[in-house]
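Chains as they are written, first to last, in the numbering used here: chain A, 8 to 121; chain B, 2 to 113.
Let me begin by presenting the structure, written as structure tokens, before commenting on it.
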């Protein structure tokens with residue numbers, strides 16, 4: 008099992024460019040999440056998908072869109088990148104069933120917006 | 002936001018010593034989880050404690066929860082250099098809630 012995988016690992020964008028961060032999990036989990044982590048900060052939830060076919064905003068959704076493509080995949084799109092979106096982005100998944108609610112994290116994508 | 006606050010922000014100890022870090026919060030929770038993050042890596046789940054539990058153990062980890070004081074502590078006994086990492090508490094607010102709110106973390110350094 009690969010667990011949660013994210014692509015790319017690193018990305019540099021210019022202001023105004025767009026890109027999609029990809030996330031996939033092979034644990035048959037129901038729920039998936041996108042977080043961002045800034046220096047000295049904890050993780051902040053951007054969007055989440057409680058189950059296939061649903062998505063909801065988290066704490067900091069502005070400037071982002073998501074797609075739950077199927078049960079395995081959950082992508083995060085930046086339509087017009089801004090320097091304030093420079094961060095490390097983590098995808099996570101959880102079963103959220105039968106009391107199995109712990110989250111499993113991917114390795115992260117380091118994004119720099121110039 | 003209703004995040005937990007870890008204390009201390011940074012902790013440096015000698016290998017073999019115990020490490021204690023704390024998490025305080027302001028409103029009622031359903032459960033509290035602790036995660037570890039090694040430098041540059043994703044978070045790894047360590048232990049979960051529910052609001053009706055007072056103490057849980059997992060290997061060298063001991064977690065307590067005091068809902069009357071709205072605080073939790075994570076104790077790592079007989080620390081090793083490999084325990085060097087940042088430790089985060091994460092709060093789940095309601096039954097069936099899918100969202101976790103993370104604190105800013107405690108950075109633990111274990112000196113060999």
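Here a beta-carbon is modelled for each residue, glycine too, at the ideal position from N, C-alpha and C.
| Item | Value |
| --- | --- |
| So, are the CB atoms of residue 32 of chain B and residue 51 of chain B less than 8 angstroms apart? | yes |
| Measure the C-alpha to C-alpha separation of residue 27 of chain A and residue 56 of chain A and round it to an integer number of angstroms. | 17 angstroms |
| Using the beta-carbon of each residue, which ones in chain B are nearer than 8 angstroms to residue 54 of chain A? | Those do not exist, as residue 54 of chain A stays about 11 angstroms from chain B at its closest Cβ, beyond 8 angstroms. |
| In angstroms, rounded to a whole number, what distance separates the CA positions of residue 6 of chain B and residue 46 of chain A? | 16 angstroms |
| Could you work out which residue in A:116, A:8 and A:101 is closest to residue 37 of chain A when comparing CA atoms only? | A:101 |
| Helix, strand or coil, according to DSSP, for residue 67 of chain B in the structure here? | strand |
| So if DSSP puts residue 51 of chain A in a beta bridge, which residue, or which two residues, is it bridged to? | A:43 |
| Give me the DSSP bridge partner(s) of residue 29 of chain A. | A:14 |
| Pick helix, strand or coil for residue 110 of chain A, following the three-state DSSP scheme. | coil |
| List, in chain order, every chain A residue whose beta-carbon is nearer than 9 angstroms to that of residue 42 of chain B. | 112, 114 and 115 |
| Can you tell which of A:110, A:88, A:75 and A:114 has its C-alpha closest to the C-alpha of residue 60 of chain A? | A:75 |
| Helix, strand or coil for residue 58 of chain A? Go by DSSP, reduced to three states. | coil |
| Could you give the residue range of the beta strand (DSSP E) that holds residue 119 of chain A? | 116 to 120 |
| Helix, strand or coil: which one does DSSP assign to residue 82 of chain B? | helix |
| For residue 104 of chain B, go through chain A and note every residue whose CB falls closer than 9 angstroms to its CB, in chain order. | 49 |
| I think residue 88 of chain B touches residue 101 of chain B, with their Cβ atoms under 8 angstroms apart; what is that distance to the nearest whole Å? | Not a contact, Cβ separation roughly 15 angstroms. |
| Less than 8 angstroms between CB atoms is the rule here; does residue 46 of chain B satisfy it with respect to chain A? | yes |
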